[in-house]
Amino acid sequence: MQWVRGKKSSLLQALLGTGAILGTAFAVTTLILFVAGAPPLSAFYYLLSGSLGTWLKVAQVLTGWIPLTLCACGLVYSFRIGLWNIGVEGQVVAGAVAATFVLRLGAESGSPVVVLFLAFLGGLLGGSLWAVIAGFLKIKGGVNEIFGGLGMNFVAQGITLWLIFGPWKRPGVGSMSGTELFAPQFWLPTVAGLRLSPVGLALTVAVLLGSAWVLGRTRLGLALKGIGSNPKAAYLQGLKPNRSILIAMGLAGGCAGLAGTFQVTGVYHRLIPAISSNYGYLALLVVMLANYRISAAPAIAFFFVCLNVGAIQLPMMLQLDSSLSGIIQGALVLAALLVYGWRKRKLTMET
Amino acid sequence: MGITLRDIHKRYGTVHANNGITLHVTEGSIHGILGENGAGKSTLMKIMAGYVRKTGGTIFLDGKPVEYAQPAEATRLGIGMLYQDPLDFLSLSVLENFMMGRRGGLSSGKAGYREQLKDLADAFSFHLDPDRAVRELTVGERQQLELLRLLALGVEVLILDEPTTGITSLQRRLLFEALKKLADGQKTVLFVSHKLEDVEMLCHKVTVLRAGRVSGEMDRPFHTPTLLQWMFGVPPAPPPCAGGRRGKLALAMEHVSAPGGRTGLRHCSIEIHEGEVVGLAGLAGSGQDVFLRVAAGLNKPREGKMHLIGENMAGKDYHAFKARGVTFLPAARLEEGLMPGLSITEHLALRQERGIRILWNEAQKAAFQIIRRFRISGNPLSTPESLSGGNQQRLLLGLIPEDPRVLLLEDPTRGLDLESVRWVWQQLVSFAAGGTCILFSCAELDEILQVSDRVLVFYNGMMVKDVRACDTDLMDLGQAIAGKG
Amino acid sequence: MPMTDLNLPLLLGSIIAGASPIIFASVGETITEKSGVINLSLDGSILLSAMVAFAITYETRSLLLGFAGGAAVGGLLAAMVCAFSIYLGQSQVAVGFVLTLAAKDLAYFFGNPYARIYGPQASHWPLPWLHELPIFGPVLFSHNIMVYLSFLVIFFSWWYIQRTPAGLRLRAVGEHPEAAYARGTNTRLVQLRYALLGGLLVGLAGAAFSLCIKPGWGRPQGAEGTGWIALAIVIFGGWHPVRVALGAYLFSFLQVMGIQMQGVWPSIPSQVFQVAPFPLMIFTLALMHMAKRSADEGARGAFSRLRRLARFLSGSAPAALGKNFSPK
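Chains as they are written, first to last, in the working numbering: chain A, 7 to 357; chain B, 61 to 545; chain C, 46 to 373.
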């Protein structure tokens with residue numbers, strides 16, 4: 007197997023790079039905390055304890071990890087073929103809407119397990135469809151996937167708002183708190199005591215392993231890589247770039263749709279306007295920081311959710327806004343872009 | 061302003077593109093630069109225009125040595141070049157293109173430029189609508205605009221690189237009249253071309269380049285055979301004529317015309333049989349590459365019929381051609397042929413046709429085999445961008461599938477040393493023995509004559525000659541390439 | 046509000062006023078994109094400049110300093126996108142995207158102490174005598190200073206881009222940086238300069254939000270999403286300042302109508318109006334692609350007229366948009 011994997015940079019290089027990224031982000035964050043007049047060490051302490059301090063908190067982190075990692079898995083497909091799938095947010099929402107639709111249809115049925123399963127299927131198809139539309143816009147309409155995806159995000163958001171305030175509104179008056187709660191039998195079962203869904207965890211791990219397999223071991227995965235590298239050469243070698251773009255988008259949207267379904271069935275138990283919780287955009291950051299490799303994505307996703315959950319305490323404890331987590335995430339990715347870019351330039355200059 | 065080049069050298073790594081070139085161009089003359097592909101004309105002109113930096117030698121303007129490193133600096137000194145691919149702004153108007161890049165500017169503003177453009181255009185009988193977008197102009201009109209722009213900038217030495225490719229005969233006449241007028245007005249013109257007819261009609265003196273050196277200079281009137289000999293060298297003994305070896309019909313084209321490049325392909329009719337090795341000769345951009353791409357199904361013909369092994373290929377795309385046994389190898393190896401970031405093993409793994417899982421062991425074995433057989437200096441993990449140009453070519457050749465029916469190769473031995481060239485042709489000829497027909501374009505006429513059964517010469521988008529290799533020689537081909545036969 | 050109570054001049058006036066920050070943002074981004082740089086950080090940039098403008102105004106009691114601060118923030122972010130990409134080889138999209146999220150978080154973080162407090166705001170400033178004109182008076186001349194500036198921005202940017210030599214250089218760089226370089230232009234400097242200028246205008250848009258339209262700061266502020274809309278409007282307007290401005294007014298019109306129509310046509314969801322710019326943008330992009338395709342294939346006759354119409358309606362993207370050109 008050793009001859010198959012690409013040339014790996016030495017362990018030392020990897021450590022140095024990681025150190026540079028963490029160091030830069032750490033320095034920037036400390037500086038910002040300084041300017042804001044807050045004690046840096048306390049802030050870092052609360053971030054840590056607020057996310058990993060108790061089992062309940064860890065369960066909360068894992069519950070956030072699930073949709074974020076699902077989205078990230080999907081994005082690895084689209085990045086692999088060279089696309090900027092900014093439309094991932096809309097795909098999450100589309101999946102959530104589809105799942106809600108299925109759940110409402112099956113509300114009277116007596117077998118919740120079947121309905122939940124169908125809801126996940128519906129969410130997968132919904133997200134997939136949303137992504138494939140953007141893919142078609144690119145292939146046939148020449149619409150760059152960034153703007154197509156952006157447009158679809160806003161349209162998805164608009165549809166959700168319309169549904170929440172219109173056909174699917176709560177009896178009485180539509181409100182921002184979303185649709186009516188589903189009956190308890192349609193909630194994803196959780197581990198006793200913790201609010202953690204083993205189904206969600208299992209699904210995420212399955213998607214992770216499955217994606218790693220598809221990307222690393224199948225012809226489809228290699229085809230995506232080839233087309234992402236050079237579509238013209240790939241076409242000459244017999245690959246079909248247009249068809250593969252649609253497949254990659256379909257897979258990306260499907261994963262995002264699963265994330266949306268999880269949000270509906272396992273977290274909020276209804277459709278709310280902010281159902282995606284920005285996990286789509288955050289997943290883009292996760293994958294960028296992971297240097298577009300699926301192997302690093304779960305750990306980075308975990309770290310990011312820790313930051314988000316830990317930051318919830320900050321307003322109460324230190325009178326700081328919880329957006330500090332977002333600042334740290336942004337600083338990490340910017341530092342990573344620089345480090346990875348520098349490394350790549352050095353590599354091409356050496357040869 | 062007279063310009064003199066003394067002992068100009070340009071090295072690209074180990075390639076010595078210009079090897080001690082000395083020439084003098086007198087003020088008020090039209091000086092032709094002739095040479096075949098790879099002779100070094102383009103490099104020399106780009107050095108003169110400031111686009112490329114020379115490795116050695118000196119340039120003199122009116123007897124004084126000058127140094128410059130950027131095209132804009134060269135323009136300031138009075139040297140301007142009309143590139144083959146015009147560097148203009150498609151979405152801007154003719155007038156705006158004319159104005160863009162001027163320093164200071166006329167005190168009367170835009171109206172002043174408009175008048176200047178009109179005066180210049182009228183002086184040369186060019187008809188350019190100042191408010192039209194440049195993207196709507198023909199190649200010839202864009203050339204006229206660029207000429208006027210350079211003149212307005214005060215250019216005294218004008219370099220034109222293959223200007224008559226892809227323009228109408230009327231535009232060519234206007235251009236020649238304009239150049240003559242400029243020469244009469246004491247401007248200096250350098251006219252780079254491979255078209256003997258143009259050069260003989262226009263130039264006062266000609267310098268011929270070959271393999272990076274000056275191989276001869278002549279004043280008007282010109283003696284064509286001598287020029288040809290200087291361009292192509294002394295012809296070696298012709299190879300013996302092989303017995304007629306005609307297999308079944310493999311590829312047939314009937315009056316095929318297709319767009320592409322500057323000349324496109326016009327009214328091409330040809331029949332190629334199994335096992336034939338056909339060399340396509342002609343200066344770069346004369347239509348051979350369009351021909352190859354049409355034969356591959358990459359360019360769709362505008363008219364005409366094409367049959368591949370008996371099947372009508374109208375309206376089909378490259379993948380259908382590939383299924384029928386066609387393989388196309390592009391000249392731009394890294395940009396079009398290989399996938400950066402993917403290892404050799406991964407390139408080979410992509411050829412697997414069945415199954416969901418990749419059989420990495422097989423791919424790895426195949427990688428070792430290819431590396432050994434094609435003597436690629438790399439390992440299965442190597443990525444194409446880390447290989448040298450020659451090794452990239454070997455990899456491309458190694459990726460040819462088993463048992464192709466038709467091999468279309470764009471400049472297959474470019475960048476390879478003599479030993480490798482010989483060895484590559486050994487491999488390819490064995491394909492031909494197995495019934496594959498090979499069509500290849502090549503810059504070296506010697507090479508074409510040595511390996512081909514048959515030679516096609518392209519000039520200005522048309523196939524002007526179709527002979528057996530044993531029935532022709534360097535002179536003969538050279539004449540056809542230069543448009544005289 | 047029933048249709049009979051419609052006060053037309055007031056309605057039109059509110060459309061014009063509501064459009065002013067979008068005009069700043071989209072015209073600013075038009076300038077940036079004309080030079081070939083795409084600044085995806087717009088959304089975060091507007092929020093951060095809004096926060097900074099309000100904070101500075103609150104602390105210093107000076108509106109001028111507040112506007113300046115907001116503009117500076119916008120310029121800084123745009124310059125970062127330009128520097129990271131053109132000088133350091135990163136993808137413009139990647140850097141812009143990270144910055145849009147980071148800037149939004151920075152805005153919320155540093156804006157925390159300023160949330161929901163009352164601060165100075167730009168006052169209503171009806172232009173003397175002009176505001177008493179019938180019809181045009183209350184519609185055009187009875188606003189705050191940012192609205193008047195938005196008129197000037199539209200005119201000035203159009204004039205600068207289309208009619209000055211510097212504007213020609215700007216367009217040339219965005220179209221074909223290699224050719225511009227061959228003619229002696231320092232393309233990187235030009236792009237940096239216009240990214241900065243465009244960013245300044247975007248920053249003013251943010252300041253206009255927190256100092257005129259929706260005074261103060263909060264979480265959310267209310268300007269969220271405007272940056273994305275501005276990006277869409279730049280495309281819909283075909284990268285031409287006047288058409289982009291018209292797109293901004295159209296969007297503002299749709300927004301105002303959305304609120305009005307809720308009483309009249311409850312069946313059309315207000316969300317349709319809010320998300321309208323995006324399908325319009327996609328439509329424009331697809332139209333541009335079709336126009337280019339038919340041009341490449343050399344369509345003649347009736348098609349050529351159709352093609353010209355399509356091109357007129359859709360404008361054309363700067364050919365080098367998003368690509369990093371570095372002279373060797």
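We put the CB at the ideal spot given by N, CA and C, even for glycine.
Nothing here was measured: the structure is a model prediction, and the numbers come from that model.
When the Cα atoms are used, L207 (chain A) and L121 (chain C) turn out to be separated by approximately 42 angstroms. Among the residues facing chain C, F149 (chain B) is included, as its CB has a counterpart in that chain under 7 angstroms away.
The beta carbon of I199 (chain C) sits closer than 7 angstroms to those of I68, V72, P286, V287, A290, all from its chain and outside the five residues before and after it, given in chain order. In chain order, V320, F323, P324 make up the part of chain C whose C-beta sits under 8 angstroms from the C-beta of V161 (chain A). Residue environment for E78 (chain C): buried (at least 16 other C-beta atoms within 10 angstroms of its C-beta). Chain A has a Cβ within less than 7 angstroms of the Cβ of N157 (chain C).
Counting other Cβ atoms within 10 Å of its Cβ, D150 (chain C) reaches 16 or more and is therefore classed as buried. Residue contact with chain A for A95 (chain C): absent (no Cβ-Cβ distance below 7 angstroms to any residue of chain A). When the Cα atoms are used, R474 (chain B) and A391 (chain B) turn out to be separated by approximately 8 angstroms. At least one beta carbon of chain C lies nearer than 7 angstroms to the beta carbon of W90 (chain A).
In the structure shown, A344 (chain B) adopts coil according to DSSP, grouped into three states. For H187 (chain B), no beta strand (DSSP E) run applies, since DSSP gives it neither H nor E. Residue contact check for R238 (chain C) against chain B: no CB pair falls below 7 angstroms. Taken through DSSP and simplified to helix, strand or coil, S235 (chain A) comes out as helix. Contact check for Q348 (chain B) against F518 (chain B) passes: the beta carbons are separated by less than 7 angstroms. Per DSSP, Y519 (chain B) is one residue of the beta strand (DSSP E) stretching across 514-519. Per the C-alpha coordinates, the member of C:P179, C:A147, C:Y153, C:V192 positioned closest to H169 (chain C) is C:V192. Contacts between R228 (chain C) and chain B, judged by CB atoms closer than 7 angstroms, involve A132, M160, G161 in chain order. Here the alpha carbon of L209 (chain A) sits roughly 43 angstroms from the alpha carbon of I304 (chain C). Secondary structure at H315 (chain B): strand, using DSSP grouped into helix, strand and coil. Contact check for W262 (chain C) against G156 (chain C) passes: the beta carbons are separated by less than 7 angstroms. In the three-state reduction of the DSSP assignment, F196 (chain C) falls in the helix class, which pools H, G and I.
Proximity of H285 (chain C) to chain B, defined by a Cβ-Cβ separation below 7 angstroms, is not satisfied.
Exclusion of the five residues before and after S102 (chain B) leaves D221, V252 as the residues of its chain whose Cβ lies within less than 8 angstroms of its Cβ.
Proximity of chain C to L211 (chain B) at the Cβ level (cut-off 9 angstroms) is not reached, the minimal Cβ distance being about 15 angstroms. C:M96 is the residue among C:V118, C:M96, C:A113 whose C-alpha sits nearest the C-alpha of G164 (chain C). Our two residues, P285 (chain B) and M535 (chain B), have alpha carbons roughly 8 angstroms apart in a direct line. In this structure L537 (chain B) is in contact with A341 (chain B), their Cβ atoms being roughly 6 angstroms apart against a cut-off of 8 angstroms.
In this structure, DSSP gives M61 (chain B) a state outside helix and strand, which the three-state scheme calls coil. Under a 10 Å Cβ-count criterion, E114 (chain A) is classified as exposed, with fewer than 16 other Cβ atoms of the shown protein chains found around its own Cβ. Under a criterion of Cβ atoms nearer than 7 angstroms, the residues of chain B adjacent to R216 (chain C) are, in order, L152. Of all residues in the segment 194-218 of chain C, those with a C-beta nearer than 9 angstroms to a C-beta of chain B are R208, P210, L213, R214, R216, A217, reading in chain order.
For A331 (chain C), the nearest beta carbon of chain A is closer than 7 angstroms to its own beta carbon. Only those residues of the segment 368-381 of chain B whose C-beta falls short of 9 angstroms from the nearest C-beta of chain A are listed: Y378, H379. At a C-beta separation below 7 angstroms, R223 (chain A) has these neighbours in chain B: R417, I418. Contact annotation: Y226 (chain C) and S80 (chain C) have beta-carbon atoms that are not nearer than 7 angstroms.
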